[in-house]
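Numbering of the sequence shown is given in the working numbering, commencing with residue 40 and proceeding in unit increments.
All C-beta atoms in this analysis are idealised placements derived from N, C-alpha and C, irrespective of residue type, glycine included.
Everything below concerns the one structure shown next.
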Amino acid sequence: MNNGTFPQNPARQSHNNAISKLVDDARGLPSSTSELGSIQLSINEIRRRANDLRKNKDYSGDHSKAHYLLAASGLPLQEMDSSLKDLKPKQVVEQFIPKSHGSELDLYLQNQKNESILSSIETLLTVASSDFNKFVNSNINIQWENYADSVKKRFGISVNRDDLEENKDVANLSNESLMWGKTEGSMLDSGNSKLDVNTNYLIREKFEHYARIIFWYNNCRITKNSCKLTEEFIELLKGRNDFRTKYILEAWEFLNEFDTTLGTAKSSRKILEKQFLNYVDELYQNRINEGFPTNINKIKSFIESKLRFTNGSWKIPNLSIVNGKPIWAVIFYLLRAGLIDDALEVAISNASSFNKIENSFVKYFKAYASSPDNELPPDLSSDLHTEYNQYIKTSIDGDPFRLAVYKIIGRCDLTNKTIPAVTLSVEDWLWLNLTLVKENCSNTDPIYEKYSLNDLQATVTTFGEKRFPNNYFQVLLYSGLFERALEEAYKVNELDAIHLAIGFADKHLLHIKANKHADFHGLRTTDNDQDYIDFAKLLGNYTKSFKYSDPRIASEYLFLIAICEDPEVIDLCHEALRQLILETNEFTKLLGEVNKDGTRVPGVIEARRQLIKLDDIKEYLHTISEQTARQANNNGRIYDSLLLYQLAEEYNIVIAIVNGLLSGILSNTNFKKGMLDLYSDLSKNNKDPVALAKNLVNIYLSNPEISKQVVTKNKETCVLLLKIAEIKNTYQSKQWEYTLSQIEELDMLPFTGGSSIRRKAQEFTTLSGYIMNCIPNVLLMTMTSTSELINSLRASSFSSISKKQQIAALKSVGKNCMIYAGMIQYKMPREVYSQLIELDLSLETM
């Protein structure tokens, strides 16, 4: 042992050192990732090296250096030896040297042929790649066409309806728009949900049914009309026999009956009592020979059918029978059905049949029935507890239903709340526990009377699903554990659970907590023993699968986030809507649109502003519109940015964008292309930016409120650019004389010469940058029109002094413009100035 390590074998150490050295040396060799690039040998170089191999008699010897050379190319070393040994000198050389004596020429031709084949393959690959890129670009741009058509319509520009019909079935989403507008940690994309409402027809149909109810529900909330969300879902789901539907239908029926004014324990108890009474009534319909259909007779009929054997004996021993009926069982089941008054009537009418220890029962029962909260006064409670502990509880052969009735009325012996002989079902167990619960327990209450809803809930969660394997969801529901019940429903069917959560939130039964940063990894979170639902993330996660296909529906669900009164949750609602706008680009549906006269048409968010509790909706929409417009403009989405800035009422920015759009087109020197061809985004969508600009200028100048928000210079620049656009159209139609007349009216070029040349050159520096960019083209149009007119005059057959004067005047205009161009030549493109010089030289030779 040496310093706590195993001793090294000297031979192995030497071997390892050699390998380490080779590895270090190999690092210096060029590889596919090095700056030197990969090693590529020409055919001639391979031929030369093959000849060298042939000369080398010991070619089959050690090739270790070749191993390291080839290692950099990524070839496996273990294959090197076998590959090299397979090489034969004759094969290596003869594959490059033909047998004939005229081999040099043949070899050259063969090499040329090989290189031609390789070149052809490379060309085909390049063409295929280019075709693929064109295909992708054309398909991606389909979405931009739809956007541009929509905006053009809103700005009062005609739209080719054939184009719209052709593209109306195109999918709403391109790969590029998928990425644009996303924000870090978007709640609309967080989570692990695999739900996709567009998976198949059945899910899509169910989704649409649900969405219609939510839309109607939001309408009712806006109009303040009475609406019961639960009834709509019950109507939708009833009649379906599958397990999942029945599972969720029971929850909706529970919510429909739930009375928030009573609190959870009482309301759940009342629902269980009503369900039981309905069951008893249905059973009675099949036993109509049991007497008049009074509640008491119905209960007696129920007892006969459930507690008697067919031979007439009772299934439960020790029942107190009065007039052939188990009197305590009748009282118990009347209480179970919520029929306290009927139970008291039975107790009073049969008081004489009670034994001595039961003589005080009627007195206790009357006090219980007359109390609003079904609580006994302290003195009677104390007496009842004494009797219960001394006689009822300790009775060996006592009636179990008597034990249950005393326990209910006096809330006795709460440490032992289960009576197996009486609680024949989970519903019975729940009802008995809910009856014993006292929601307003205080520290002054005796310990034996303390049993709160929290205690019941702790019992349920402790028992868990193992104790209630087929009824856990219902037990959670009736015990007020709505967050956990929702979690169970979520496991069964996510689509149903989402809407059930909305139903819970509508009745304010959920504990909702805002979480602005964490992703939606689980439905329920627990903090200080209290369960919470992140309602905002829940709905945002749900809209993930249809926010692009159905953004309007997605917004309806996001409005529901603000059902909660928590300001932080309401803020999350506003944030979720902002993200929806940024990610879907559905500006007109969500933010609004602009009519031909410049008036705003509110979008769905503004129309639903009451639902999201926004005090200043204009400021909110302005902020979103401005943020989205800025991003759209940065991404070259001109039409989107124009619409959004209009919605944000940033009219000065709108005109500035239009000016930039026009200037970019008018400053292009390719005169062979038309207006639309000069701007890619517009030419792809066959849109007319000049018509757009004209319409906006007309709106803005005719509306004093809008006009005063636009800087005067921007308005003047736009008008001037529109005039240049008209001149360019005239020029392209080869109306040379009219073109010069229009340019002279602009009063931007020195047509008259003299001092005006210097003055115009000085004025150039004060022009808007958008106009400056167009001056070179205006000069080109001037010089070209002048040249064409002179050629036309010279080609004419007549000869006169007037003709010579016209030619001289045209040459003078050209000369003045060239002097002006010389003064500003460094502020124009070099190729434009070269074209002007060529035109000037041609004028001199005329």
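Label residue i either buried or exposed according to how many other C-beta atoms from any shown protein chain fall within 10 Å of its C-beta, with 16 as the threshold for buried.
| i | result |
| --- | --- |
| residue 785 | exposed |
| residue 714 | Low confidence applies to residue 714: its pLDDT is 49, below 50, so where it sits in the model is not reliable, and the reading given next is rough at best. Buried, because 16 or more other Cβ atoms sit within 10 Å of the Cβ of residue 714. |
| residue 424 | buried |
| residue 586 | buried |
| residue 523 | buried |
| residue 640 | exposed |
| residue 387 | exposed |
| residue 621 | buried |
| residue 592 | buried |
| residue 525 | buried |
| residue 631 | buried |
| residue 867 | buried |
| residue 847 | exposed |
| residue 316 | buried |
| residue 438 | buried |
| residue 758 | exposed |
| residue 647 | buried |
| residue 887 | Since the first and last residues shown for the chain are 40 and 885, residue 887 lies out of range. |
| residue 652 | exposed |
| residue 574 | buried |
Between which two residues does the beta strand (DSSP E) holding residue i run?
| i | result |
| --- | --- |
| residue 632 | 631 to 633 |
| residue 326 | That residue, residue 326, is in no beta strand (DSSP E); it is neither H nor E in DSSP. |
| residue 641 | 639 to 641 |
Tell me which residue opens and which closes the alpha helix (DSSP H) that residue i is part of.
| i | result |
| --- | --- |
| residue 572 | Run containing residue 572: none in the alpha helix (DSSP H); it sits in the beta strand (DSSP E), 569 to 572. |
| residue 842 | 840 to 862 |
| residue 547 | Here residue 547 belongs to no alpha helix (DSSP H), and DSSP marks it neither H nor E. |
| residue 824 | 814 to 834 |
| residue 867 | Looking at the DSSP string, residue 867 is not in any alpha helix (DSSP H), and its letter there is neither H nor E. |
| residue 521 | 521 to 531 |
| residue 582 | Residue 582 -> no alpha helix (DSSP H), and no H or E assigned at all. |
| residue 685 | 677 to 686 |
| residue 240 | 240 to 262 |
| residue 456 | Neither: residue 456 is in no alpha helix (DSSP H) and is coded neither H nor E. |
| residue 744 | 743 to 746 |
| residue 794 | 794 to 803 |
| residue 399 | Counting along the chain, residue 399 falls outside any alpha helix (DSSP H), and DSSP gives it neither H nor E. |
Only counting the same chain, and skipping five residues up and downstream in sequence, which positions put a Cβ closer than 6 Å to that of residue i?
| i | result |
| --- | --- |
| residue 878 | 822, 826 |
| residue 535 | 287 |
| residue 672 | 680 |
| residue 543 | 521, 549 |
Ignore the nearest five residues each way along the sequence and tell me which others in residue i's own chain have a CB closer than 8 Å to its CB.
| i | result |
| --- | --- |
| residue 577 | 537, 540, 559, 562 |
| residue 761 | 701, 729, 732, 733, 736 |
| residue 569 | 550 |
| residue 270 | 295 |
| residue 881 | 826 |
| residue 565 | 571 |
| residue 373 | 334, 335, 338, 379, 381, 382, 385 |
| residue 301 | 309 |
| residue 453 | 475, 487, 488, 489, 490 |
Based on the DSSP secondary-structure assignment, which residues constitute the bridge partners of residue i?
| i | result |
| --- | --- |
| residue 565 | 570 |
| residue 364 | 361 |
| residue 876 | Per DSSP, none; premise fails for residue 876. |
| residue 347 | 353 |
In its own chain, which residues sit with a C-beta less than 7 Å from the C-beta of residue i, not counting the 5 before and 5 after it?
| i | result |
| --- | --- |
| residue 617 | 663 |
| residue 507 | 465, 514 |
| residue 303 | 492, 519 |
| residue 284 | 276 |
| residue 628 | 590, 591, 642, 643 |
| residue 16 | The structure shown does not extend to residue 16, since the chain is modelled only from 40 to 885, so the question has no answer here. |
Segment contact, 8 Å Cβ cut-off, at least three pairs: the segment 408 to 424 with the segment 445 to 462: yes
Three or more C-beta pairs below 8 Å linking the segment 781 to 798 and the segment 745 to 756: no
The segment 648 to 658 / the segment 764 to 783 touching (three or more Cβ pairs under 8 Å): no
Stretch-stretch touch, CB-based, cutoff 8 Å, three pairs: the segment 771 to 786 with the segment 811 to 821: yes
Inter-stretch contact at 8 Å, needing at least 3 Cβ pairs: the segment 672 to 683 / the segment 691 to 707: yes
Contact the segment 474 to 482 vs the segment 398 to 411: 3+ CB pairs below 8 Å: no
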